[in-house]
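So the sequence shown is residues 1 to 684, counted in UniProt numbering. Each residue gets a CB set at the ideal place from its N, CA and C atoms; glycine is no exception.
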Amino acid sequence: MQSYGLLLVAHAENLKIISGAGELEDRLCPDWLGRSLSEILAIPEEILRQKQPSPHNACIREISGQALSIILHYITDFIIAELEPQPIHPLDTSQILGDIDSIAERFERGPNVTTICRQGADAFRRITGFDRVLVFQFLDNGNGRVVAESRNDNFPSLIHHHFPASDIPKQARALYLQNRVRSIPDARTVAAPLRPALPELAMLDLSSVQMRAISPVHLQYMLNMDVTASASVSLVIDGVLWGLLTCHHKTPHLLTRETRTICRTFAGIMSRQIHAKEELITYQERLRLKNILDTIPSYFIISETLETALRINCLHFMKLLPCDGFAVVSSDGVSRHGMLPPNAALHEIQIWLMKHSPAGLYTHDHLQEVYPPAAAWPDQMAGLTAITLPFAPTLTLIWSRAEVIQTIEWAGNPHKLTDTTEGVLQPRHSFDTWRQTVTGRTLPWSNDHIQAASKLRQLLLTEHHKRMLTALNTRLEATLLEREALLEEKDIFIREVNHRVQNSLQMVSAFLHLQSRSAHSKETASALNEAQKRVSAINLVHRRLYQDKHLGVVDLGRYLEELIEDVVTSCGPEWRKELQVSLTSITLEVDRAIHIGLIVTELLINASKYAYGGQAGPLHISLTQRGERLTLQVADQGESLGSPSKGEGFGRRMIRHVVGTLGGTMEYTDLQPGLSATLSLPIH
């Protein structure tokens with residue numbers, strides 16, 4: 001432990017002190033080991049067992065004639081008590097609160113982060129009394145930079161100096177997040193060990209203990225900087241270590257617990273104000289980017305192609321990202337503004353980007369590092385952000401930035417970070433200003449800028465797809481209109497054909513009717529009448545086609561209903577009262593409907609002719625559908641047609657042929673009396 005204070009370690013269960021560090025015998029009591037922590041600290045046991053997190057359990061006690069500030073830590077099964085000297089004259093609380101309030105007001109009025117950091121350094125030095133206070137910011141690459149300082153003449157200026165990431169490695173940064181305030185009153189004192197050094201305490205985590213000993217490497221680092229006392233206060237934003245308030249003093253300098261508490265509060269206020277200023281800048285830039293992106297669709301309204309819109313509005317697209325030059329590049333040519341390399345170089349860059357940016361977005365602030373030809377024109381393009389659009393031809397939008405030559409001041413040569421002596425790590429000795437000139441680089445684009453470029457690419461792709469879809473719909477509409485016109489012509493032609501076929505069939509039917517009336521024998525007249533009925537069955541389909549909107553198909557139920565009506569009319573009005581008809585509506589192709597009509601006509605003729613000998617009699621006709629098959633049934637109650645004595649005439653042969661053509665089956669059932677004919681066939 002650091003020797004300016006005292007430390008006690010006790011079992012949390014029985015409060016018995018088992019170890020300690022510091023001048024305990026001289027400053028506390030000779031027989032401290034094994035005694036009760038409650039007794040030594042004059043704190044009731046019930047309070048010690050409450051386990052309130054530090055530093056909320058801090059208190060001040062007068063022990064052995066001296067005022068000590070006590071902070072308790074509860075670590076696994078142990079209670080750690082830190083005892084620090086308390087100043088004789090405590091700080092004026094009202095004055096401190098007034099100072100903090102005044103500082104907070106100045107922070108709020110500060111125009112930017114740099115001003116806040118400068119004001120913070122001045123206020124911090126005034127509160128702590130250190131010779132030099134640095135505001136140290138961590139950069140994205142892990143290095144650090146001094147962005148503000150306040151000092152007296154005891155130390156040289158380190159403003160704008162950089163420190164390599166190895167000076168504060170990741171492990172140290174993690175501790176700065178855990179323990180926000182760290183004080184080293186005197187780097188020259190010897191650390192006080194825990195005694196006795198019990199095995200059970202070997203793995204005790206003392207990260208949260210303020211007085212824990214300092215790494216010898218860090219102490220030597222301080223002495224190499226000619227610093228005797230130091231303090232570090234973390235600046236944390238959204239759980240991330242933004243930077244440090246680093247304090248240096250030429251001579252030993254103790255920060256009391258009260259002052260450390262003020263420092264922690266002050267750093268919290270400062271962190272929030274830095275965050276607010278950064279958020280304001282970020283918000284304003286995001287708002288600017290959003291306004292530009294929102295206006296971009298208006299550029300597409302009057303442009304025939306996207307490429308034309310991009311080229312015409314080149315200056316508007318250039319304003320999206322901070323840059324020195326902008327170009328729209330395709331195999332058709334280059335549209336450009338600002339500082340850019342020659343067009344031939346831009347075409348080569350486009351080819352390179354097509355290979356190295358599969359996602360269509362690429363950004364780099366040191367282009368020659370990945371694309372060596374860029375070393376020829378750093379004053380025109382040292383870095384770029386580009387989006388590639390898979391159009392025909394491929395389009396590439398390039399924002400370029402020229403080289404920014406920087407002279408970075410390091411606190412010592414960053415390439416000579418450590419020396420080793422017999423394998424022992426040693427801190428660097430020199431912190432004299434070492435200047436490094438950086439060339440070939442440009443300022444990097446922020447994440448918001450890169451996201452804006454990505455959003456622009458998505459917006460252009462969406463517009464491209466929308467235009468392709470519109471063009472496709474236009475072609476589709478034209479094709480559909482052409483198809484409808486052709487179908488209309490086809491319908492007119494089919495109707496004309498059906499009309500002529502119908503007229504021809506009517507003439508044939510009329511001739512057959514006249515011929516039957518002039519026939520010299522009953523057999524001839526009967527045959528001609530049957531032929532007329534068959535022709536009428538075909539004619540009826542064509543009449544329906546001529547009248548129907550849907551050419552090529554008919555409603556089989558309606559067709560058979562009209563067909564039966566025509567056949568019954570020709571047989572005599574007395575048949576009408578004998579019929580029982582139940583027909584389901586089934587849409588069927590014309591050819592199949594004609595064949596079924598012929599079968600029904602033949603079955604009706606046979607029933608009239610053979611079942612009832614030309615007289616009227618009961619007749620039941622039904623049409624049903626089950627799945628993809630239909631069933632037609634014609635049943636009478638007369639003399640059975642299935643009798644072998646009747647033989648097989650033309651009608652029976654025709655039915656068998658037609659049923660086979662339709663891919664169906666015909667079954668005859670003797671009803672005794674009567675005959676049932678059942679036709680079953682697929683609809684299609």
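| If you draw a straight line from the C-alpha of residue 299 to the C-alpha of residue 323, how long is it? | On the sequence shown, residue 299 is found 299 positions in, with the first residue counted as 1. On the sequence shown, residue 323 is found 323 positions in, with the first residue counted as 1. Going from the Cα of residue 299 to the Cα of residue 323 covers about 21 angstroms.
| field | Rounded distance between the beta-carbons of residue 382 and residue 336, thought under 8 angstroms | value | Against the sequence shown, residue 336 aligns to sequence position 336. Against the sequence shown, residue 382 aligns to sequence position 382. That pair is no contact at about 17 angstroms.
| task | Any chance you could list the beta strand (DSSP E) runs of at least 3 consecutive residues sitting entirely within the segment 271-344, in chain order? | result | With a minimum length of 3 residues, the continuous beta strand (DSSP E) runs that stay inside the segment 271-344 are 325-330, 333-338.
| Where does residue 645 sit, in a helix, a strand or coil, going by DSSP? | As a position in the sequence shown, residue 645 is number 645, starting the count at 1. A caution first: residue 645 carries a pLDDT of 40, below 50, which makes its placement in the model unreliable, though a value can still be read off. Residue 645 falls in the helix class under three-state DSSP.
| message | Quick check: residue 231 and residue 213, are their CB atoms within less than 8 angstroms of each other? | response | For the purposes of this step, residue 231 is taken as residue 231 along the sequence shown, with counting starting at 1. For the purposes of this step, residue 213 is taken as residue 213 along the sequence shown, with counting starting at 1. In this structure, residue 213 does not lie closer than 8 angstroms to residue 231 by Cβ.
| request: List the endpoints of the continuous alpha helix (DSSP H) containing residue 566. | output: If you number the sequence shown from 1, residue 566 lands on position 566. Taken as a continuous stretch (DSSP letters only), the alpha helix (DSSP H) holding residue 566 covers 556-571.
| Terminal residues of the alpha helix (DSSP H) in which residue 66 lies | What you label residue 66 is simply residue 66 of the sequence shown in a count that begins at 1. Run containing residue 66: none in the alpha helix (DSSP H); it sits in the beta strand (DSSP E), 66-75.
| task | Assuming residue 180 contacts residue 267 (C-beta within less than 8 angstroms), just tell me the rounded distance between them. | result | Locating residue 180 in the sequence shown gives position 180, counting from the first residue. Locating residue 267 in the sequence shown gives position 267, counting from the first residue. Correct: roughly 7 angstroms between the Cβ atoms.
| said: I need the straight-line Cα distance from residue 155 to residue 246, nearest angstrom please. | reply: Position 155 of the sequence shown holds residue 155. Position 246 of the sequence shown holds residue 246. One C-alpha to the other measures close to 13 angstroms.
| task | Determine the extent of the alpha helix (DSSP H) in which residue 661 is found, giving its start and end residues. | result | Here the question's residue 661 lines up with position 661 in the sequence shown. Element bounds for residue 661: 650-662.
| said: Checking 8 angstroms against the spacing of the C-beta atoms, do residue 330 and residue 395 come in under that value? | reply: Within the sequence shown, residue 330 is the residue found at index 330, counting from 1. Within the sequence shown, residue 395 is the residue found at index 395, counting from 1. Against a cut-off of 8 angstroms, the Cβ pair of residue 395 and residue 330 comes out as a contact.
| query | Which residue from 597, 318, 439 puts its Cα closest to that of residue 368? | reply | As a working note, residue 368 is residue 368 in the sequence shown. Cα-wise, what sits closest to residue 368 is 439.
| query | For residue 630, which of 601, 684, 656, 651 has the nearest alpha-carbon? | reply | As a working note, residue 630 is residue 630 in the sequence shown. The shortest Cα separation from residue 630 among 601, 684, 656, 651 belongs to 684.
| task | Would you check if there are 3 or more beta carbon pairs closer than 8 angstroms linking the segment 587-601 to the segment 556-571? | result | yes
| Other residues of its chain near residue 24: CB distance less than 7 angstroms, five sequence neighbours each side excluded | Translated into the one-based positions of the sequence shown, residue 24 becomes position 24. If we look at residue 24 and ignore the five residues flanking it on each side, its Cβ neighbours are 6, 32.
| Who are the Cβ neighbours of residue 21 in its own chain at under 6 angstroms, not counting the five residues just before and after it? | For this step, residue 21 is matched to residue 21 along the sequence shown. Excluding residues within five positions, the ones whose Cβ falls inside 6 angstroms are 1, 7, 192, 194.
| Selection from 345, 339, 651 that minimises the alpha carbon distance to residue 333 | Indexing the sequence shown from 1 puts residue 333 at position 333. Nearest of 345, 339, 651 to residue 333, Cα basis: 345.
| Collapsed DSSP secondary structure at residue 666 in the structure displayed | For this step, residue 666 is matched to residue 666 along the sequence shown. Of the three classes helix, strand and coil, the one that applies to residue 666 here is strand, per DSSP.
| query | Which of helix, strand or coil does DSSP assign to residue 108? | reply | Taking the first residue of the sequence shown as 1, we reach residue 108 at position 108. Correct three-state label for residue 108: helix.
| Buried versus exposed, by CB contacts within 10 Å (16 or more), residue 400 | Here residue 400 corresponds to residue number 400 of the sequence shown, with the count starting at 1. Flag for residue 400 reads buried.
| Apart from the five residues on each side of it in sequence, which residues of its chain come closer than 7 angstroms, Cβ to Cβ, to residue 19? | Within the sequence shown, the letter at position 19 stands for residue 19. Once the five neighbours on either side are set aside, the close Cβ partners of residue 19 are 9, 194, 195, 196, 198, 201.
| Taking the alpha-carbon positions, what's the residue 419 to residue 217 distance? | Position 419 of the sequence shown, counted from the first residue, corresponds to residue 419. Position 217 of the sequence shown, counted from the first residue, corresponds to residue 217. The predicted model places residue 419 with a pLDDT of 49, which falls under 50 and marks its position as unreliable; any figure quoted below should be read in that light. Whole-angstrom Cα-Cα distance: 11 angstroms.
| Once you ignore the five residues that flank residue 285 on each side, which residues in its own chain have a CB closer than 7 angstroms to its CB? | Locating residue 285 in the sequence shown gives position 285, counting from the first residue. Hits under 7 angstroms: 448.
| request: Over the uninterrupted alpha helix (DSSP H) stretch that includes residue 174, give me the two end residues. | output: Counting from 1 along the sequence shown, the entry for residue 174 is found at position 174. Note, residue 174: alpha helix (DSSP H), 170-178.
| task | Have a look at residue 40 and residue 15 and give me their C-alpha separation to the nearest angstrom. | result | Taking the first residue of the sequence shown as 1, we reach residue 40 at position 40. Taking the first residue of the sequence shown as 1, we reach residue 15 at position 15. Rounded to the nearest angstrom, the two C-alpha atoms are 11 angstroms apart.
| Is residue 124 close to chain E, meaning its C-beta is less than 8 angstroms from at least one C-beta of that chain? | Judged by its chain identifiers, the structure shown contains no chain E, having just a single protein chain.
| request: Would you mind working out which of 68, 340, 35 sits nearest residue 318, comparing C-alpha positions? | output: Residue mapping note: residue 318 aligns to position 318 of the sequence shown, counting from 1. Residue 340 is the option with its Cα nearest to residue 318.
| field | Presumed contact (8 angstroms Cβ cut-off) between residue 273 and residue 163, rounded CB distance | value | Position 273 of the sequence shown, counted from the first residue, corresponds to residue 273. Position 163 of the sequence shown, counted from the first residue, corresponds to residue 163. The Cβ separation is near 24 angstroms, so there is no contact.
| task | Give a yes or no on whether the C-beta atoms belonging to residue 460 and residue 320 are separated by under 8 angstroms. | result | Translated into positions along the sequence shown, residue 460 becomes position 460. Translated into positions along the sequence shown, residue 320 becomes position 320. Contact: no.
| query | By DSSP, does residue 144 sit in helix, in strand, or in coil? | reply | For the purposes of this step, residue 144 is taken as the residue at position 144 of the sequence shown. If DSSP states are grouped into helix, strand and coil, residue 144 belongs with the strands.
| Selection from 343, 42, 402, 385 that minimises the alpha carbon distance to residue 362 | Walking along the sequence shown from the start, residue 362 turns up at place 362. Out of 343, 42, 402, 385, 385 has the C-alpha closest to the C-alpha of residue 362.
| Would you call the CB atoms of residue 68 and residue 84 closer than 8 angstroms? | As a working note, residue 68 is residue 68 in the sequence shown. As a working note, residue 84 is residue 84 in the sequence shown. A contact, by the Cβ cut-off of 8 angstroms.
| task | Measure the alpha-carbon distance for residue 402 versus residue 387 and round it to whole angstroms. | result | Here residue 402 refers to the residue found at position 402 when the sequence shown is read from its first residue. Here residue 387 refers to the residue found at position 387 when the sequence shown is read from its first residue. Approximately 18 angstroms between the Cα atoms of the pair.
| task | Run the CB neighbour count on residue 642, radius 10 Å, all protein chains shown included, and call it buried at 16 or more, exposed below. | result | Counting from 1 along the sequence shown, the entry for residue 642 is found at position 642. Because residue 642 carries a pLDDT of 49, less than 50, the predicted location of this residue cannot be relied on, and the following value inherits that uncertainty. Result: exposed.
| For residue 375, which residues from the same chain have a beta carbon less than 8 angstroms from its beta carbon, with the 5 sequence-adjacent residues on both sides left out? | Here residue 375 corresponds to residue number 375 of the sequence shown, with the count starting at 1. These residues qualify, in order along the chain: 368, 440.
| Considering only residues of the same chain and omitting the five flanking positions on each side of residue 673, which have a CB-CB separation below 8 angstroms? | For the purposes of this step, residue 673 is taken as the residue at position 673 of the sequence shown. Only 637, 638, 639, 640 meet the Cβ criterion.
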